[in-house]
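Chemist: Sending over a structure as structure tokens; questions will come in a sec.
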Amino acid sequence: MIDPQLLRILVALVGILVFVALNALALVYAERKIAGHVQRRPGPYEVGPHGILQPLVDGLKLMGKQLTTPKDADPVIFWLAPVMCFMPVALCMLPIPFGPNLVALKLDLGIVLILAFAGFGVLSLCLAGWGSNNKWSLLGAARSVAQNVAYEIPLLLSVLSVAFMTGSLDLATISAGQGALPWQWNALVNPLGFIIYFICALAETNRAPFDLPEAESELTAGFHTEYSGMGFGLFFMAEYANMVVVCSVATVLFLGGWNGPFAPGWWWFLLKMYALIFLIIQIRWTYPRVRFDQLLNLCWRWLVPLALVNLVYVTIIVKL
Amino acid sequence: MYRLEEIKRAARGMWSLVVGLNITGKYFLQPNVTIHYPRQEVDNLATFRGHIELIPEDDDPLTPRCISCGTCARACPSNCITVTKKKAPAPTPEEVEQGIKPKAPKDPETFRLDFTLCSLCGQCVMSCPADAIRFSQNINIAGYSRQDFYFDLIARLRSRLPKHVKKAE
Amino acid sequence: MSGHFLETLPCLCSAVQDPGRTGLTFAALIAPEQIRSAAQLCRAAGYHLEDVTVCEVQEGTLAIYHFDRFGRPGRISCMALSTDNSFDSIADIFPGSDWHERECFDFFGTTFAGHPNLIPLLLPPDAQTPPLRKQDGGKVPLTTIFPWAQAPATPEEA
Amino acid sequence: MFTKEQIAERGFYTQHFEQGKQDNTLILNMGPQHPSTHGVLRVMLEIDGEYILRADPVLGYIHRMHEKMAEAKTYAQFITNMGRVDYLHALAWNWAFVGAVEKLGETPPTPRAEYLRVITCELNRISSHLLWWGAYLLDLGAFTPILYAFDDREELLDILQDMTGSRLTYASFTFGGVVADMSDALKERITRFIARLRDRLPMYKSLVTDNFILLGRVEDIGHIPVDMAVRYGATGPVLRGSGVAYDVRRAEPYSVYPGLDFVVPTSERTDALGRYLVRMQELEQSLNIVEQAVAQIPAGDIQAKMPKKPKVPAGEVYFAVEGARGKIGCYLQSDGGGSPYRLKLRAPSFSNLSLFAELSQGTLLADAVSILGSLDLVIPEIDR
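Residue numbers (my numbering), protein chains in the order written: chain A, 10 to 329; chain B, 10 to 178; chain C, 286 to 443; chain D, 89 to 472.
As structure tokens, then:
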């Protein structure tokens, strides 16, 4: 006799994996299409109508490529890294409530689980850089560790401010606590928290303008310089999957989750999430990259103090 | 005071980021400028300088204007042109009787271009005394081997003719 | 333009040039051992080094230094003739000449005494012969190219 | 020159690296295949963390020995090579060589040809600066500007194709003239292009120049004091970014430039931003020059009467022009024969890059990339 709870988690896990994988494919396509149109060119166009099959074909190409391990690299660490990069993403999706009842795993401490597993990503980047036996990769790994560790603090503080407001760490409760109309959402009640969260989310997912660990023009490809075929493919997918996670969390925490005018439901959730993803993509194709010291200055000199101030502001609101 | 200045600066900086997003957003909604190559082509081929080709005589589309003097071959910085003159035909019996040596025709026996070496500088076109060379407008040029780019320009001149002329020949 | 500051050096011969014809305002042929003092004079007068080049004439190897300045432009050419294909380096006076001298070493095999790092710049380190060296028959006399320059007395003749 | 044993023994074969690395530092080869060395420049870096302790450019990966080719080819044949020394501002190199030969042979071009040269050369400068702008931002991590620049550059290249016959490696100057004339329709098109780019420049400014992140990346890095520029012989926007208004078009006037009204933009900042701003202003100045030249161009022949083979008397000549990267010099020695006796090409990027070793000491790796980009290097020009 299988525990129905376990069965539910297993089914949900498969569903989430499919959702994440499909999302990654769709987002690769969306990224290239948006980049194209921002730059006044069509983007992928030849494979399928308007190039819609391009990410699929790219995926096939990556799978067909030879996997090479650099000389003197540590093969275990080297190949563990991309797998570890992708795995926690699926776990992070478990407690996210897409709709009032559409949640894989109801947890009282859902947000803690997500934050715990989000910290996992940096480990895989670090291992990839270390295991590659490549100087550029090593620099990328060093950058990613410093960046991710630094940005986790303001991220936590801004999430904490929401938890203070709602008085709960359960994502479903936080969602439900926000009203249907935009000015009832945490993003407008607590705008500073939302901005800080968004900036930190960009940094945590290594998206431009904070894509320092892979900074193409400085470190060739940073931590994944040496990866070929699906090794690179997994890093690439994980980047988009991570985007889905941080945008989902942002939607739940700040944008009212599934709440929306007229007919609340999961479509509102997806709409908000994809709008955020669109913004992240557009930012990537608009700004130059920041320098490393500026990145850390921004974190320690601006975001951390601001997040603390915000926490005080939120407690006052809650008290009143 | 210093803090205040810094905060002002940061606020202005944030605004510049919004301006940037606004610009890329606007371009996102504008139509593309790409020309989809195999389906569309650019329209400024009149001044395109492709590989050289021979110009035929005005009244005879099969004979090149070329007088096989070899100036182009000497002017070429990369030595990619070879021109050989036609030999005089064997004298007919009447000519032998009259003691006339038949003249060699002016047009060249062979006119070859090694396009693998050519850098399209146009020295040959500029130096030609008979105005017999011009740039082609052939932009779709691709091949599987080096040999595909050793052009016999006389054969090319003939193959360019319309179909009915070829048949008549 | 008498009293050019380079004439304080013992020039073998010098000439005021017409910039409209040669692009130079002043040209001087100096003894090889005077190159460093000439460079120092130019440095003090605010000139920058445009390029260093070498050419071969029948009398030997000619190193040509072009100086110009930003404030009041006027290119001066400073030449020295050497029979053993070696000169003094001015890389410590004008660091920019470091690469120019290495380039001359590449192309002509010219050595510059006192250069901190005289190794090939543009050619691979195992390149065989300096490519710009001319055959003896291909060289022309100094005065063909520089009509103002008297055939200088070689040290032996002096 | 060196045997294999000597090379193996020396190991690091540059002056900054002959003693090898110290403890706790990393020797890093940036290039010859690196996204931001624009071609095949190799820079050896010794870094401590991300700070650069020593840097030394290693050249020669695209060396083609143009100077030897000059001695082997006739004067006319060598013009083709000049389109390939600096592929971004090829017409300035054309002009330097053709001008040197004309000066020595005293065969000036026709007045109309002078104007056509100014127009094409300045349009070429604009296309070079546009490409630099895009590529520099690519170095700094912004992908979109280069495609906006290419959008404008495409129109420019179409015009230049009509005026010169090529889109990149121009070789359209002849001794005493140019190869192609400018029709009235083309004149109209150039005027339209000037208006178009003037419309677009404010967008460039608000998208990029005013951008907070970009300013953070270019301000206060790579300071080149004037004395350093003098010691290394830096010219062009690199020098003008340090506040020296030195421009060959004004310092050693050639062609019809004295009659054209333009200013030499400078910046007192001396850092990468100064060089950036100078180039952006040069775009506007070049547009002004083209506008005036198109309005003033006289009618007449585009080719002076010349013998088929130019007769170049024995002697020496130095002819300098202002390229997009600085002073392009052509030092020509002739023995009166059919090909140059000795031709020295002075590449501005060569001198501009030689100060990089000193300039990049103590900077961050990311700044070194930015500084390298702000010098606007074209590697084929350095290696020749």
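Beta carbons are placed, not taken as given, at the ideal position from N, Cα and C, and that holds for glycine. Bear in mind the structure is a predicted one, so any value in this text is a computation, not a measurement.
Measure the Cβ-Cβ separation of Glu213/A and Leu280/A and say whether it is below 8 Å.
Modeler: Their beta carbons are not under 8 Å apart, which means Glu213/A does not touch Leu280/A by this criterion.
Chemist: Rounded to the nearest angstrom, what separates Trp9/A and His122/D at their Cα positions?
Modeler: Nothing can be reported for residue 9/A, as the shown portion of chain A is limited to 10 through 329.
Chemist: Please report the distance separating the alpha-carbon of Gly130/A from that of Pro468/D.
Modeler: Approximately 42 Å between the Cα atoms of the pair.
Chemist: So the alpha helix (DSSP H) Ala90/A belongs to, where does it begin and stop?
Modeler: Unbroken alpha helix (DSSP H) run through Ala90/A: Pro84 to Met102.
Chemist: Using three-state DSSP, classify Phe287/A as helix, strand or coil.
Modeler: In this structure, Phe287/A counts as helix in the three-state DSSP scheme.
Chemist: Considering only C-alpha positions, which residue in the set Ala178/D, Leu460/D and Ala259/D is nearest to Leu447/D?
Modeler: Of the listed residues, the one whose Cα sits closest to Leu447/D is Leu460/D.
Chemist: Determine the direct distance from the alpha carbon of Ile150/D to that of Thr91/B, and round the result to whole angstroms.
Modeler: Distance between the alpha carbons of Thr91/B and Ile150/D is about 30 Å.
Chemist: Which ranges does the alpha helix (DSSP H) cover as unbroken runs of at least 4 residues, wholly within the segment 93 to 153 of chain B, from first to last along the chain?
Modeler: Segments of the alpha helix (DSSP H) lying fully in the segment 93 to 153 of chain B: 102 to 107 and 132 to 136.
Chemist: If you check the beta carbons only, do Val173/D and Leu433/D fall under 8 Å apart?
Modeler: Against a cut-off of 8 Å, the Cβ pair of Leu433/D and Val173/D comes out as a contact.
Chemist: Measuring CB atoms only, is the segment 351 to 359 of chain C touching the segment 318 to 338 of chain C, in the sense that at least three cross pairs come out at less than 8 Å?
Modeler: Contact between the segment 351 to 359 of chain C and the segment 318 to 338 of chain C is present, because at least three Cβ pairs lie under 8 Å.
Chemist: With a cut-off of 8 Å on the beta carbons, I'd call Leu368/D and Thr297/D a contact; round off their distance for me.
Modeler: Position check: residue 368/D holds Met in this sequence, whereas Leu was assumed. Yes, Met368/D and Thr297/D are in contact; Cβ-Cβ is about 7 Å, under 8 Å.
Chemist: What in chain D is Cβ-close to Val299/A, meaning under 8 Å?
Modeler: The contacting residues are Ile301, Gly304 and Arg305.
Chemist: Between the segment 64 to 75 of chain A and the segment 87 to 102 of chain A, do three or more beta carbon pairs fall short of 8 Å?
Modeler: Taking 8 Å as the limit for Cβ pairs, the verdict is that the segment 87 to 102 of chain A does not touch the segment 64 to 75 of chain A.
Chemist: In terms of DSSP beta bridges, what is Glu134/D paired with?
Modeler: Per DSSP, Ile115/D and Arg142/D.
Chemist: Beta-carbon of Ile43/A versus every beta-carbon of chain B: anything under 8 Å?
Modeler: Cβ-Cβ to chain B under 8 Å: yes for Ile43/A.
Chemist: Considering only residues of the same chain and omitting the five flanking positions on each side of Cys135/A, which have a CB-CB separation below 7 Å?
Modeler: Excluding sequence neighbours, Cys135/A sits near Ala150, Ser153 and Val154.
Chemist: Gln156/A CB to nearest chain D CB: under 8 Å?
Modeler: Cβ-Cβ to chain D under 8 Å: no for Gln156/A.
Chemist: Please determine, among Gln325/C, Tyr332/C and Cys363/C, the residue with the shortest C-alpha to C-alpha distance to Tyr334/D.
Modeler: Per the Cα distances, Tyr332/C.
Chemist: Can you find a C-beta in chain A that's less than 8 Å from the C-beta of Ala230/D?
Modeler: True, the Cβ-Cβ gap to chain A drops below 8 Å.
Chemist: List the residues of chain C whose Cβ lies closer than 7 Å to the Cβ of Met153/D, in chain order.
Modeler: Chain C residues near Met153/D: Pro416.
Chemist: Quick one: is Ser154/B buried, meaning 16 or more other Cβ sit within 10 Å of its Cβ, or exposed?
Modeler: Exposed: under 16 other Cβ atoms inside 10 Å.
Chemist: Pull out every residue of the segment 186 to 203 of chain D whose Cβ sits closer than 8 Å to any Cβ of chain B, in chain order.
Modeler: Answer set for the segment 186 to 203 of chain D: empty.
Chemist: Residues of chain D with CB under 7 Å from Val37/A, in chain order?
Modeler: Correct list: empty, because the minimum Cβ distance to chain D is about 16 Å.
Chemist: Under 8 Å Cβ-Cβ, which residues of chain B neighbour Val267/D?
Modeler: Going along chain B in sequence order, the residues near Val267/D (Cβ under 8 Å) are Gly131 and Met135.
Chemist: May I ask whether a heavy atom of the ligand MN can be found less than 7 Å away from the beta carbon of Ile162/A?
Modeler: This structure lacks the ligand MN, and indeed carries no ligand of any kind.
Chemist: Run through chain D and tell me which residues come within less than 9 Å of Gly59/B, C-beta to C-beta.
Modeler: The premise fails here: Gly59/B is roughly 11 Å from chain D at the closest Cβ pair, so nothing lies under 9 Å.
Chemist: Exposed or buried, His116/B, counting other C-beta atoms within 10 Å across all chains shown (16 or more means buried)?
Modeler: The identity of residue 116/B in the sequence shown is Asp, whereas the question assumes His. Its Cβ being crowded by 16 or more others within 10 Å, Asp116/B is buried.
Chemist: If you run the structure through DSSP and keep just helix, strand and coil, what is Phe21/B?
Modeler: The identity of residue 21/B in the sequence shown is Arg, whereas the question assumes Phe. It is helical.
Chemist: Which residues does DSSP list as the beta-bridge partners of Pro65/B?
Modeler: Note: Pro65/B sits in a beta bridge opposite Pro73/B.
Chemist: Pick helix, strand or coil for Glu194/D, following the three-state DSSP scheme.
Modeler: It is coil, neither helix nor strand.
Chemist: Rounded to the nearest angstrom, how far is the Cβ of Trp181/D from that of Cys209/D, given a contact under 8 Å?
Modeler: That pair is no contact at about 10 Å.
Chemist: Using a Cβ-Cβ cutoff of 9 Å, what residues of the segment 140 to 151 of chain A are near chain D? List them in chain order.
Modeler: Flagged, chain order: Lys144, Trp145, Leu147, Leu148 and Ala151.
Chemist: Name the one or two DSSP bridge partners that Gln421/D has.
Modeler: DSSP output for Gln421/D lists Glu404/D and Arg430/D as bridge partner(s).
Chemist: When you compare only the Cα positions, how much space is there between Cys418/D and Phe238/D?
Modeler: Each residue's alpha carbon lies about 30 Å from the other.
Chemist: Buried or exposed: Pro91/A, going by 16 or more other Cβ atoms within 10 Å of its Cβ?
Modeler: Classification of Pro91/A: buried, given that the 10 Å Cβ count is 16 or more.
Chemist: Look at the alpha carbon of Phe263/A and the alpha carbon of Ala210/A, and state the distance between them as a whole number of angstroms.
Modeler: Distance between the alpha carbons of Phe263/A and Ala210/A is about 13 Å.
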